[in-house]
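Protein chains: 2
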Amino acid sequence: MANERKRAVVLLSGGLDSATVLAIARGEGYELYALSFSYGQRHVIELDAARRVAAAVGVADHRIAKIDLRVFGGSALTAEIDVPKGRDAEAMSHGIPITYVPARNTIFLSFALAWAEVLGSSDIFIGVNALDYSGYPDCRPEFIAAFEKMANLATKAGVEGRLALRVHTPLIALTKAEIIAKGIELGVDYGLTSSCYDPGSTGEPCGECDSCLLRRKGFRENGIEDSLAYKRGPASS
Amino acid sequence: MANERKRAVVLLSGGLDSATVLAIARGEGYELYALSFSYGQRHVIELDAARRVAAAVGVADHRIAKIDLRVFGGSALTAEIDVPKGRDAEAMSHGIPITYVPARNTIFLSFALAWAEVLGSSDIFIGVNALDYSGYPDCRPEFIAAFEKMANLATKAGVEGRLALRVHTPLIALTKAEIIAKGIELGVDYGLTSSCYDPGSTGEPCGECDSCLLRRKGFRENGIEDSLAYKRGPASS
Numbered sequence: 001m002a003n004e005r006k007r008a009v010v011l012l013s014g015g016l017d018s019a020t021v022l023a024i025a026r027g028e029g030y031e032l033y034a035l036s037f038s039y040g041q042r043h044v045i046e047l048d049a050a051r052r053v054a055a056a057v058g059v060a061d062h063r064i065a066k067i068d069l070r071v072f073g074g075s076a077l078t079a080e081i082d083v084p085k086g087r088d089a090e091a092m093s094h095g096i097p098i099t100y101v102p103a104r105n106t107i108f109l110s111f112a113l114a115w116a117e118v119l120g121s122s123d124i125f126i127g128v129n130a131l132d133y134s135g136y137p138d139c140r141p142e143f144i145a146a147f148e149k150m151a152n153l154a155t156k157a158g159v160e161g162r163l164a165l166r167v168h169t170p171l172i173a174l175t176k177a178e179i180i181a182k183g184i185e186l187g188v189d190y191g192l193t194s195s196c197y198d199p200g201s202t203g204e205p206c207g208e209c210d211s212c213l214l215r216r217k218g219f220r221e222n223g224i225e226d227s228l229a230y231k232r233g234p235a236s237s
Numbered sequence: 001m002a003n004e005r006k007r008a009v010v011l012l013s014g015g016l017d018s019a020t021v022l023a024i025a026r027g028e029g030y031e032l033y034a035l036s037f038s039y040g041q042r043h044v045i046e047l048d049a050a051r052r053v054a055a056a057v058g059v060a061d062h063r064i065a066k067i068d069l070r071v072f073g074g075s076a077l078t079a080e081i082d083v084p085k086g087r088d089a090e091a092m093s094h095g096i097p098i099t100y101v102p103a104r105n106t107i108f109l110s111f112a113l114a115w116a117e118v119l120g121s122s123d124i125f126i127g128v129n130a131l132d133y134s135g136y137p138d139c140r141p142e143f144i145a146a147f148e149k150m151a152n153l154a155t156k157a158g159v160e161g162r163l164a165l166r167v168h169t170p171l172i173a174l175t176k177a178e179i180i181a182k183g184i185e186l187g188v189d190y191g192l193t194s195s196c197y198d199p200g201s202t203g204e205p206c207g208e209c210d211s212c213l214l215r216r217k218g219f220r221e222n223g224i225e226d227s228l229a230y231k232r233g234p235a236s237s
């Protein structure tokens, strides 16, 4: 047991935030179990990014769970609804956008909980962010706290009092610029990640969706060049 | 709006409990949206039962979400582990059995939450039972209450204060015998349902797994004949 490292399940989308979280969990000494989802997302190219990031950081295992969120429709990320482009911070801060996938983080965390239980892990990491968060309800600290409480009542380990499950959200209070600064410090190669909600057929980011705009702003504020080749829009204006 | 019925998402496994819940929700006047899962269960025959039950009760829609819980392993219901047979009530009451699927109800309820959000529904029905429950942690009232609380923080409707989501558990305090009595009263045709964890290739129940044993006991206590043809074991001793 002396040399056994604690296991963590890390939700890994292939985007900038989750790549940073993976590096943070590694930095804290966890053995990493990365979990991605094939959920009918239009930006399925992010799964290639997830594989690249998992390999680069070095994980004990990486699984991709197939779930079909399209069965319910309801979001621009899974259904045939246009992804909004070119919105400013003001527009992003109002209401919940059409790219919101109903109950997505609840579903993702539930799967992470299942795997954590099988692995005997009590630590789940997720890259939610309550600042530059595009207004998603399931990215808020009060949601995470409620999920954690529920999770500890849902499992064998919780019932038997063996493990107290914790949902780690190391990015929750950081700006995008702070996240990028932290990742650079930890050696994250952001060139491997994919953030765009609506990438072109060869994977190039659109440069104009909320996710691209937040990413570009974050790099700009760090005075760092983002190595991704955007399809459109000024990269550093 | 005057004639618009309230919508309910009802988790429907095709077993005795969820068929009863569907009839209860219908009795309460809800428009029914039945949700089943193809999750790699070895008793996949229950999905045929779910289709029969949904058609017989009359639902507005029935969806089967494909999710692969086998990706994590860990249960006799999804992995290649033998289903225990012939256990008495004493044995069933100790510990959590190998047929427990990690975080299954958390995952199922999360999907129900997603669909409820898309439908504008604030009512989810689930046939969990805290008495004859085989010792599953995610069947207990405190788990359901915690899920409900989390769910109201997870969604657009919750955040905007438009809907207070409720998870209905009409069977939670009933014995199997009481559930069957209620179903008979509501006209449920239990001959359409499937309860066995380990059915034969033509669908006949084994008669000896925990689920079969609980079902047979419930019928026996009502002095009613179960119309299913069991493979083995005394049907009414």
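So the sequence lines, in the order shown, correspond to chains A and B. Okay, so the first sequence: first residue is 1 according to the numbering used here, each after it adds one. Okay, so the second sequence: first residue is 1 according to the numbering used here, each after it adds one. Virtual Cβ for every residue (Gly too), placed ideally from N, Cα, C.
For phenylalanine 125 of chain A, the enclosing beta strand (DSSP E) stretches over residues 123 to 125. A buried status is given to threonine 193 of chain A, since no fewer than 16 other beta-carbon atoms sit within 10 Å of its beta-carbon. Following the DSSP letters along the chain, one finds serine 227 of chain A in no alpha helix (DSSP H), marked with neither H nor E. Here the alpha carbon of leucine 109 of chain B sits roughly 43 Å from the alpha carbon of glutamate 225 of chain A. Looking at A/Phe37, A/Ser38, A/Tyr39 and A/Leu22, the one whose alpha-carbon comes closest to that of glutamate 31 of chain A is A/Leu22.
If you check the CB distance, glutamate 142 of chain A and leucine 153 of chain B come in under 7 Å. Only Pro137, Asp138, Arg140, Glu142 and Phe143 from the region 125 to 145 of chain B bring a Cβ to less than 8 Å from some Cβ of chain A.
The DSSP-derived three-state label of tyrosine 30 of chain B is coil. Three or more pairs of CB atoms, one per stretch, sit closer than 8 Å, so the region 46 to 63 of chain A contacts the region 188 to 208 of chain A. Under the three-state reduction of DSSP output, phenylalanine 37 of chain A falls in the strand class. For lysine 6 of chain B, no alpha helix (DSSP H) run applies, since DSSP gives it neither H nor E. Taking 7 Å as the cut-off, the Cβ atoms of threonine 20 of chain B and valine 188 of chain B count as close.
The beta carbon of glutamate 204 of chain A does not come within 7 Å of any beta carbon belonging to chain B, so the residue lies off that interface.
The shortest C-alpha to C-alpha distance from lysine 66 of chain A to any of B/Phe37, B/Trp115, B/Leu214 and B/Thr155 is the one to B/Phe37. Chain-ordered, the chain B residues with CB closer than 7 Å to the CB of glycine 158 of chain A read Pro137. Put simply, the backbone Cα of cysteine 206 of chain A is about 6 Å away from that of proline 199 of chain A.
A Cβ of chain B is located within less than 7 Å of the beta carbon of proline 102 of chain A. Our two residues, serine 122 of chain A and alanine 164 of chain A, have alpha carbons roughly 6 Å apart in a direct line. When DSSP states are grouped into helix, strand and coil, leucine 165 of chain B belongs to the coil group. Sorting B/Phe125, B/Ala157 and B/Gly158 by C-alpha distance to the C-alpha of isoleucine 144 of chain B places B/Phe125 at the top. For the region 52 to 71 of chain B, the set of residues with a beta-carbon nearer than 9 Å to any beta-carbon of chain A comprises Arg63, Ile64, Ala65, Lys66, Ile67, Asp68, Leu69 and Val71, in chain order. In this structure, glycine 218 of chain A sits near isoleucine 180 of chain A, with a CB-CB distance shorter than 7 Å. Neighbours of serine 110 of chain B across chain A, judged by C-beta separation under 7 Å: Ala103, Thr106, Ile107 and Ser110. Taken in chain order, the complete alpha helix (DSSP H) segments of 4 residues or longer contained in the region 40 to 66 of chain B are 46 to 57. Under the three-state reduction of DSSP, cysteine 139 of chain A is assigned to helix.
In this chain, the alpha helix (DSSP H) harbouring serine 110 of chain B covers 104 to 119. At a cut-off of 7 Å between C-beta atoms, lysine 149 of chain B counts as an interface residue with respect to chain A. DSSP links lysine 85 of chain B through a beta bridge to B/Cys209. The residue from B/Arg216, B/Lys231 and B/Glu221 with its alpha-carbon nearest to that of leucine 16 of chain B is B/Arg216.
By the C-beta density criterion, threonine 202 of chain B is exposed, having fewer than 16 other C-beta atoms within 10 angstroms.
Threonine 155 of chain A reaches chain B at Pro102, Ala103, Pro137 and Asp138, counting residues in chain order whose Cβ is nearer than 8 Å.
Distances from the alpha-carbon of asparagine 105 of chain A to those of A/Ala50, A/Lys182, A/Lys85 and A/Val10 put A/Val10 closest. What alanine 23 of chain A touches in chain B, judged by beta-carbon distance under 7 Å, is nothing: the nearest beta carbon there is about 24 Å away. About 5 Å separates the CB atoms of alanine 146 of chain A and lysine 149 of chain B; that is less than 8 Å, so the two are in contact. Taking the C-beta atoms as reference points, proline 102 of chain B is found nearer than 7 Å to glutamate 117 of chain A.
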